[in-house]
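First residue of the sequence shown? That's 1 in UniProt numbering, and the numbers climb one at a time after it.
C-beta: ideal position from N, C-alpha, C; glycine also.
These notes concern the structure reproduced below.
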Amino acid sequence: MKCGAQSLFEALKINKTLASMNLSVISIGPNGGQALSEALKINSTFTIPHLGNNQIGDSGGQALAGALKINSALLTLSLWDNLIGPEGAQALAEALKINSTLTALDLETTSVFDDGGNVIGNSIQDDGAQALSEALKISRTLTTLHLGGNCIRGSGARALFESLETNSTLTTLVWRTSWTADGAQNSIGNNVALALSQALKINSTLTSLNLVGSAFQTYGAQALSEALKVNSTLTTLDLDVNSIGDDGAQALSKALKTNSALTTLSLYSNMIGDKGVQALSEALKFNTALTTLNLRGNSINDDGAQALSEALKINSTLTSLDLQGNFVKDDGAQALSEALRINATLITLNLAGNSIGDHGAQALAAALKINTTLTSVEMWDNEIGKNGDQALSEVLKINLTLTLDLVMSNWTLTTLNLTDNSMGDPRIQALAETLKFSSSSLITLRLGGNRIADNGTRALSEALKVNTTLTTLELGNNSITANGALALAELLKTNSTLTTLDLGKNKIRDSGAQALAEALKMNSTLITLILWNNLLGPEGAQALAEAPKTNSTLITLDLDSVFIVDSLGSVFRNSIEDDGAQALLKALKINKTLKTLKLGGNSIGENAAQALFEILKINSTLSTLALGTS
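In structure tokens:
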């Protein structure tokens, strides 16, 4: 799509309404980067270009840097995986010293190689990092900087962290080390850890710090803990995969006893055992700020779980605890169940991938009958047999009854989130019956990931013909086919309250899209329709293209195609191709209300890109366009 992209960039010189465009993974190359830079020198409305994985290289980065010195509209620039090296980073750093509007820059490396073994990631290295550190000392607008996986080692990392002592605007920093060619992890060393610690003692603006996979180890955790005793602004700290061990966890626990700012701490895969968790548990008895603690993938046994249970009996702020992939058995589960009878704040508990058997499951089930705050419990991949399953099933029945009672009787409930509960059609049908006679306050219903098929969808559709308050219905990631879409289409012909319908990642196919398109010709309230990954082809897209010609309320249409393989190895994505895309784009010549159109990953070629070039010259409403892969 290289030539097509250049046509689009020519259109940007004229268009005055488009603000955001996703062009990730469409291979615009260095020439595309240069063409976009010329457009950005003229365009005054475009604010967010997503250009990840386009191989623009240093020359493309340098061209965009030149545009940043002139452009005063751009807010976010995403350049992950673009073959940008030290020279490109240095050019961008010089631009940041002058630019006064850019707030976010993403230079992360997410994939080092493509399918053919070719290097595609960025590698700004120490020289690039040092240049950016100088820019951070001057910039007064940049708030977010992503530099993960850029082969930044000692001197570059130290320079970046030292710049935080003077920078007063950066709120989010994503920095992690990369891997050397022989597969070894680059360790940051004591000096870098101390530099970061010193910076955090002084810095008063950084709120989120991502140090995933940075080999901080024990000394790094100890240095950070000293900073956390002083720092009062950092709210999120991600130390996943850093091998901090028990000693590192013990050091952090000392900081948590006094720190009153940190709300999220992620310690996934850090070789933390029971001693480390016991120290963290003691800290939780005193800490009144932490709401999320991730201890997934460590070496926590029953003793650690028992220590956490004692903390949960006292702590009144933690809402999410993740213990997936540890070694908790029945004794640990029973201890946690005792805590759940007392604790009134925990909302999410993940115990998947442990070694919990029937006794542990039965204890947890008994506690869940009493606990009234926990809304999500993950228990898959344990050693639960028939008796444990039966106990948990009884809890699900009780919880469903409580949910239905809540919907019926609560006159202030506005949002009901039942996402990822595997409810299935029978329970959805029971919920649908309740919706017909429920309170008049419920406006948002989230049912994604619930194994809902056509029968459940039909029941919901019938209920919403009676219900006059619901405005948002989320049914993504279910098993809805064309028949379910047909039922929803009939609903849309008469319903006058629903404004958002999310059917992403289902299987409605072209016939389902055609039914919905017919409904849109009559409906005058729906604002957002989400249909990504629904096996839609050109015919479905062409049908949907007819609707915007007469519909005057739809603002957002999402037909993205995302490569996802299900558990059976099947791929369910859209492929509207050139014919479908051209039909939708032609509709934009007539439609005056659609503001967001997402067509990413749909195998759109040069013809559609050329059609888009012509449309952007005249369309004055479209503000967000996605053509790249999400």
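Residue i to residue j span [Cα, whole Å]
i      : j      : result
GLY600 : THR550 : 24 angstroms
LEU51  : GLY121 : 13 angstroms
LEU265 : LEU321 : 10 angstroms
GLY183 : GLY512 : The pLDDT assigned to GLY183 is 46, lower than 50, so where the model puts this residue is not dependable; a value taken from the coordinates is nonetheless given after this. Going from the Cα of GLY183 to the Cα of GLY512 covers about 48 angstroms.
THR180 : SER123 : Unreliable placement is indicated for THR180, whose pLDDT of 46 sits below 50; the coordinate value is still reported in the next sentence. Rounded to whole angstroms, THR180 to SER123 spans 12 angstroms at the Cα level.
LEU559 : LYS598 : 6 angstroms
LEU68  : SER139 : 13 angstroms
ILE618 : LEU625 : 15 angstroms
GLY456 : ALA485 : 11 angstroms
ASN483 : LEU520 : 17 angstroms
THR319 : SER603 : 42 angstroms
ILE152 : ILE370 : 51 angstroms
ARG451 : SER422 : 5 angstroms
ASP358 : LYS329 : 10 angstroms
ALA352 : GLN610 : 50 angstroms
GLN185 : THR207 : Caution is warranted here: a pLDDT of 46 is assigned to GLN185, below 50, making its placement in the model unreliable, and the coordinate value is therefore given only provisionally. Roughly 27 angstroms between the two C-alpha positions.
GLN514 : LEU531 : 12 angstroms
THR45  : ASN591 : 21 angstroms
LEU491 : ASN15  : 37 angstroms
ASP454 : VAL466 : 19 angstroms
ASN43  : LEU12  : 6 angstroms
THR621 : LEU211 : 41 angstroms
GLU518 : GLU539 : 13 angstroms
PHE572 : GLN362 : 38 angstroms
LEU612 : LEU8   : 7 angstroms
SER505 : ALA193 : At residue 505 the sequence reads Lys, which differs from the Ser that was named. The straight-line gap from Cα to Cα measures roughly 43 angstroms.
ASN387 : THR373 : 25 angstroms
SER561 : ASP126 : 37 angstroms
Those residues which DSSP pairs with residue i across a bridge
i      : result
GLU394 : Beta-bridge pairing links GLU394 to no other residue.
SER78  : HIS50 and ASP106
GLU474 : ARG446 and ASP502
LYS493 : For LYS493, which the question treats as bridged, DSSP gives no partner whatsoever.
LEU597 : LEU557 and LEU625
C-beta atoms of residue i and residue j nearer than 9 angstroms
i      : j      : result
GLY154 : ARG176 : no
TYR219 : ASN190 : yes
ASN478 : LEU435 : no
LEU323 : ILE342 : no
THR596 : SER24  : no
GLY325 : ASN354 : yes
GLY61  : ALA91  : yes
ALA95  : THR144 : no
LEU460 : ALA489 : no
LEU234 : LEU200 : yes
ILE272 : ALA255 : no
ASN270 : ASN298 : yes
ILE356 : GLY332 : yes
GLY424 : GLY449 : no
SER441 : THR419 : no
LEU142 : LEU160 : no
ALA305 : LEU336 : yes
GLY605 : GLY537 : no
ASN533 : ILE564 : yes
ILE70  : LEU40  : yes
LEU554 : THR593 : yes
THR345 : SER316 : yes
LYS275 : ASP302 : no
ASN574 : LEU535 : yes
LEU627 : ILE48  : no
GLU462 : ALA487 : yes
(request) Report yes or no: do the stretch 581–589 and the stretch 529–545 share at least 3 C-beta pairs separated by less than 8 angstroms? (result) They touch, by the three-pair rule.
(message) With three or more beta-carbon pairs closer than 8 angstroms as the criterion, would you say the stretch 66–86 touches the stretch 132–139?
(response) The stretch 66–86, when compared against the stretch 132–139, does not touch it at the 8 angstroms Cβ threshold.
(message) Using a Cβ distance threshold of 8 angstroms, determine whether the stretch 35–54 contacts the stretch 84–91, with at least three qualifying pairs required.
(response) Contact fails: fewer than three Cβ-Cβ distances are below 8 angstroms.
(message) Please give the ranges of any alpha helix (DSSP H) in the stretch 307–387, keeping only runs that are unbroken, at least 4 residues long and fully inside the region.
(response) Correct list: 330–342 and 358–370.
(message) Measuring CB atoms only, is the stretch 501–509 touching the stretch 463–470, in the sense that at least three cross pairs come out at less than 8 angstroms?
(response) No contact exists between the stretch 501–509 and the stretch 463–470.
(request) Tell me, please, whether the stretch 204–224 touches the stretch 239–246 by the rule of three or more beta-carbon pairs shorter than 8 angstroms. (result) They touch, by the three-pair rule.
(message) Give the list of continuous beta strand (DSSP E) stretches no shorter than 3 residues that lie fully inside the stretch 151–231.
(response) Assignment of beta strand (DSSP E) within the stretch 151–231, counting only whole runs of 3 or more residues, yields 172–174 and 208–210 in chain order.
(request) Starting from the N-terminal side, write out each stretch of the beta strand (DSSP E) that is 3 residues or longer and does not extend beyond the stretch 13–66. (result) List check, beta strand (DSSP E) in window: 20–22 and 48–50.
(request) Ignoring anything shorter than 3 residues or poking outside the stretch 226–269, list the beta strand (DSSP E) runs there in chain order. (result) If we require 3 residues or more, the beta strand (DSSP E) runs fully inside the stretch 226–269 come out as 236–238 and 264–266.
(message) I'd like the ranges of any alpha helix (DSSP H) spanning at least 4 consecutive residues and lying wholly in the stretch 499–584.
(response) For the stretch 499–584, whole alpha helix (DSSP H) runs of length 4 or above, ordered along the chain, are 509–520 and 538–550.
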